[in-house]
Amino acid sequence: MNARPIAFLGARLVDPETGYDGPGALVISEGRIGEVTRAGTFADLSDDIRRVDAAGALLTPGLIDLRVKTGEPGSEPKETLKSAARAAAAGGVTSIVVQPDTDPVIDDPAVADFILRRARDIGLVHVYPAGAATKGLEGQGMAEIGLLREAGCVYVTDVDRPIVDSRVMRRLLAYAASLGVLVAHRPADPWLTTEASATESEFSGRLGLAAEPVAAETIMLERDIALAELTGAPLMVDQISAAAPLESLARAKAKGLPILATASINHLSFNELDIGDYRTFCKLTPPLRDEDDRLALIDAVASGLVDIVVSAHAPAPPEEKRLPFDEAAPGSVGLETLLPALLTLHHEGRVPLARLIRAVTLAPALAVGLPAGRLTVGAPADLVLCDLTAPRLIDAATLISKSKNSAFDGRRLQGEVLMTLVDGRVVWER
Amino acid sequence: MVTIAPGIDEVRARTFPFPRRHFLSAADLDPVQVGELLDLADGFAALNRQMTKKVDLLKGRTVITLFFEASTRTQSSFELAGKRLGADVINMSPRASSISKGETLVDTAVTLNAMQPDILVVRHGSSGAASLLSQKVSCSVINAGDGQHEHPSQALLDALSMRRAFGRVDGLTVAICGDVLHSRVARSNVTLLNLLGARVRVVGPPTLMPADVARWGVEVHHDLKSGIAGADVVMMLRLQLERMQGAFVPSMREYFRLWGLDREKLARAAPRARVMHPGPMNRGVEIDSDVADDLTISLIQDQVEMGVAVRMAILTSLAARLDNR
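Residue numbers (my numbering), protein chains in the order written: chain A, 657 to 1086; chain B, 16 to 340.
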């Protein structure tokens, strides 16, 4: 399928590789980026090229989202690979990494293979599986990390379940590192987080919710850092969420340890007060923190301390959300709101645009070794064109995801995706 | 032909339409509304002491009590309140085990709502359950206890008991003692008592205190003796037995020694201090029988009596609001 070449003229280019943020034009041919110029247009452009007047619009690499849950295989009523791929395309996300907590778990190469075949059949955006770090996500024996890598898994993780046994974690880090596989781990002390559905605070205390202290995250992160130092292995800290663990992260990075960290767009956009009158769409893992933590997290993205931003897309149908807060499933869908929510942070003047774009393009591409995420000649033509300023009122009912549990429901965001291209093909156009 | 209680006209004159459709939280109330509710409840308390207790204020109305957690006094108190007001009352106690608890909650509520009740009285083990339910039904919802969040009718009956014993609530020093962390009674009382101008203390071991409780507008004491010193009211909370086996406090006997109320410790409170307990009591754990059963000290029986009166006032006010719809 060879798409007609396209030229974007008069756009605002943000190239995370060079840090360039300015006017430019770009031509796509044969599914790759053919030419890039910092002028508004090209001198000689052949007539059979489709011209897109992108005047004033933002053109960046398509987003790479390292943390996406679907319900396939196992709970398709929540979300299928197809509905997730469509939601991603509409949100300007051109690569998604699906989490292994499916049913069956992606701890077997055959399941990874199934997902890759389904993704090929759907053919919208790039879909990569993440493999389980331990068999059955049970935190005991290591999964077949080498075989999972061969089957196409781009990193390994036990998703929301902390690997409690330090000996398992140590061996996992050392073993995976020898194969060049990145381990992601969400730091949470399981005893301090038992049954918790909110962050311990005056607010959650008044609501009468079982709560966990931020120290639960700090304690486990300090252990993980110590093990990373012991083994010399790289580690990706999954969804760091508060000021205290950020201090631990900063110390580890200052030592030169090969540690990366992600933050979810939810924790950059909301604080614990957004739970309000028990809004279960704002019940997340980790739970929303206080405003000082949110601001510290934004500063950490701005400074590069936090490398990567993820949507933490976690579909949950009404029967899992229309429950008392303690009983509701955690998580929010996020593929379609990731880019507008990031742009909103930019409009609030908190993070330079190029830094935000890097955190969802080049940084995740480098972390897991994908060729996309840059505006270099010869790179895959995975691109997103968006209106940087268009106001948008999020109405969860209109989202493409099968599940409508968006924490952003009713939120005003700024920025709208105009066109999404994957390998030079338009997969979504407004 | 039902005989209507004499004195009803006086009560009728005090009824007022409640400004909200639901009665969910002490935080939703303002001092004027609380005063009106307590005045109305005072009238019902007088009626309840007559031989003929029946009035017709809720005639034709249907009240359903839906209790997902076991309760004797609150459910029977609401039932009696509804019946004395002339409403049809049915009690439901769905077994929490049938399916997943949450499905039972919303599904059951929506089903019951289709039977056109006027008021649904709900108790559930999860915080926020009453609020969730109020968003899914068209009738009025009364929160009779949601998890560790609120139990607002209990706070009102406590306020009424205090007002009748002391003539006022404003300016009283009230020490709430024991398991504040898990107590919805404590949360509703802290809010309501602050609203009414009382000085509130919370007293208990740090393992049974919520995070940042000092920011609730209370004095925090980790020592019972200093905590009840000079207090006009000592309100003891129930400590569930499973929390006394090492997780929150080391043992029952240590708890009683340090945090249980007996006559000796009570001597540190104000001279005519009164003792309250939301029930059911663990005698010999948080309170000594000697104190609990001394009617010159204990307001515990008054609390139960005022419970019916206060719930009659809440039902009447919500129903008056329905009239205006």
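Ideal Cβ positions, reconstructed from N, Cα and C, are used throughout, including at glycine.
What you are looking at is a predicted structure, and each value in this text was computed from that prediction instead of being measured.
Compute the distance between the beta-carbons of residue i and residue j, then report whether it is under 8 Å.
i	j	result
L737(A)	V783(A)	yes
T750(A)	D1038(A)	yes
L4(B)	K280(B)	For residue 4(B) there is no data in the structure shown, the boundaries of chain B being 16 and 340.
P869(A)	L848(A)	yes
I315(B)	G294(B)	yes
D133(B)	V78(B)	yes
T758(A)	G730(A)	yes
N209(B)	G232(B)	yes
H841(A)	D894(A)	yes
E735(A)	S967(A)	no
I964(A)	A1023(A)	yes
V1007(A)	I931(A)	no
V136(B)	T80(B)	yes
V248(B)	A282(B)	no
G275(B)	V235(B)	no
L73(B)	G101(B)	yes
P306(B)	R268(B)	Note that residue 306(B) is Val in the sequence shown, not Pro. For V306(B) and R268(B), no; Cβs fall outside 8 Å.
D309(B)	R179(B)	no
D185(B)	L147(B)	no
Residues of chain A with CB closer than 7 Å to the CB of residue i, please, in chain order.
i	result
V121(B)	R978
R342(B)	With chain B represented from 16 up to 340, any question about residue 342(B) goes unanswered, as that position is not in the structure.
Q163(B)	G864
Sort the options by Cα distance to residue i and report the nearest one.
i	options	result
D814(A)	L829(A), A807(A) and G808(A)	L829(A)
L1049(A)	V1024(A), A1063(A) and K909(A)	A1063(A)
E728(A)	A789(A), P717(A) and R774(A)	R774(A)
M296(B)	I329(B), R268(B) and Q255(B)	Q255(B)
E873(A)	P733(A), A900(A), S860(A) and M892(A)	A900(A)
L62(B)	K74(B), P32(B), Q90(B) and R27(B)	R27(B)
P843(A)	D946(A), L883(A) and E735(A)	L883(A)
L924(A)	E1085(A), A908(A) and A958(A)	A958(A)
E673(A)	V724(A), G861(A), L994(A) and A1028(A)	A1028(A)
V121(B)	V761(A), R978(A), T993(A) and D704(A)	R978(A)
A768(A)	A1052(A), A711(A) and G808(A)	G808(A)
G75(B)	D227(B), Q318(B), D103(B) and T89(B)	D103(B)
R202(B)	Q48(B), A41(B) and P32(B)	A41(B)
T918(A)	A910(A), L905(A), A985(A) and E928(A)	L905(A)
G696(A)	V708(A), L714(A), L722(A) and G666(A)	G666(A)
A85(B)	G162(B), A129(B), G242(B) and P220(B)	G162(B)
R1011(A)	P986(A), V962(A), A1046(A) and A972(A)	V962(A)
S920(A)	S897(A), P914(A) and E928(A)	S897(A)
L886(A)	R827(A), L944(A), L929(A) and V1040(A)	R827(A)
Given that residue i touches chain B, what residues does it touch there, using C-beta distances under 7 Å?
i	result
L865(A)	S142
Which residues in chain B sit within 8 Å of residue i, going by Cβ to Cβ distance?
i	result
R879(A)	Within chain B, no residue comes near R879(A); the closest Cβ sits about 23 Å away, beyond 8 Å.
D759(A)	Simply none; closest approach about 18 Å.
D933(A)	G143 and S146
Roughly how far, in whole angstroms, is the beta-carbon of residue i from the beta-carbon of residue j, given that I think they are within contact range, below 8 Å?
i	j	result
Y811(A)	V781(A)	Y811(A) to V781(A), Cβ: 18 Å. No contact.
L1069(A)	A1021(A)	Not quite, the Cβ-Cβ distance comes to about 25 Å (not below 8 Å), so this is no contact.
R805(A)	L835(A)	6 Å
P765(A)	E800(A)	7 Å
A786(A)	V754(A)	7 Å
L196(B)	M224(B)	6 Å
N106(B)	Q90(B)	6 Å
R199(B)	H164(B)	6 Å
How would you list, in chain order, the residues of chain B whose beta-carbon sits under 9 Å from the beta-carbon of residue i?
i	result
R950(A)	Those within 9 Å of R950(A) in chain B number zero; the least Cβ separation is about 18 Å.
Mind pulling the chain A residues with CB within less than 9 Å of residue i?
i	result
S155(B)	Going along chain A, no residue has its Cβ under 9 Å from S155(B), so there is no contact; the nearest lies around 17 Å.
R199(B)	G864
R138(B)	Chain A residues near R138(B): none, gap ~12 Å exceeds 9 Å.
At 8 Å on the CB atoms, spell out the chain A contacts of residue i, in chain order.
i	result
H166(B)	Result: empty, since nearest Cβ-Cβ is about 10 Å, beyond 8 Å.
A226(B)	E856, S857, E858, S860, G861, A867 and P869
L44(B)	By Cβ distance, chain A contributes nothing, its closest Cβ being about 15 Å from L44(B), past 8 Å.
R230(B)	E858
Is residue i close to chain C, meaning its C-beta is less than 8 Å from at least one C-beta of that chain?
i	result
P846(A)	Absence of chain C from the displayed structure is noted, the protein chains being A and B.
Item to check | the stretch 139 to 158 of chain B contacting the stretch 854 to 870 of chain A, beta-carbon criterion three pairs below 8 Å | outcome: Contact check between the stretch 139 to 158 of chain B and the stretch 854 to 870 of chain A: three or more CB pairs, one atom from each, fall below 8 Å, which counts as touching.
Next on the checklist: Check whether the stretch 931 to 941 of chain A and the stretch 1067 to 1078 of chain A touch, using three or more Cβ-Cβ pairs below 8 Å as the test.
Outcome noted: No contact exists between the stretch 931 to 941 of chain A and the stretch 1067 to 1078 of chain A.
Checklist entry - Does the stretch 718 to 726 of chain A come within contact of the stretch 687 to 706 of chain A, defined as at least 3 CB pairs closer than 8 Å? => result no
Item to check | the stretch 81 to 96 of chain B in contact with the stretch 316 to 324 of chain B per 3-pair CB rule at 8 Å | outcome: yes
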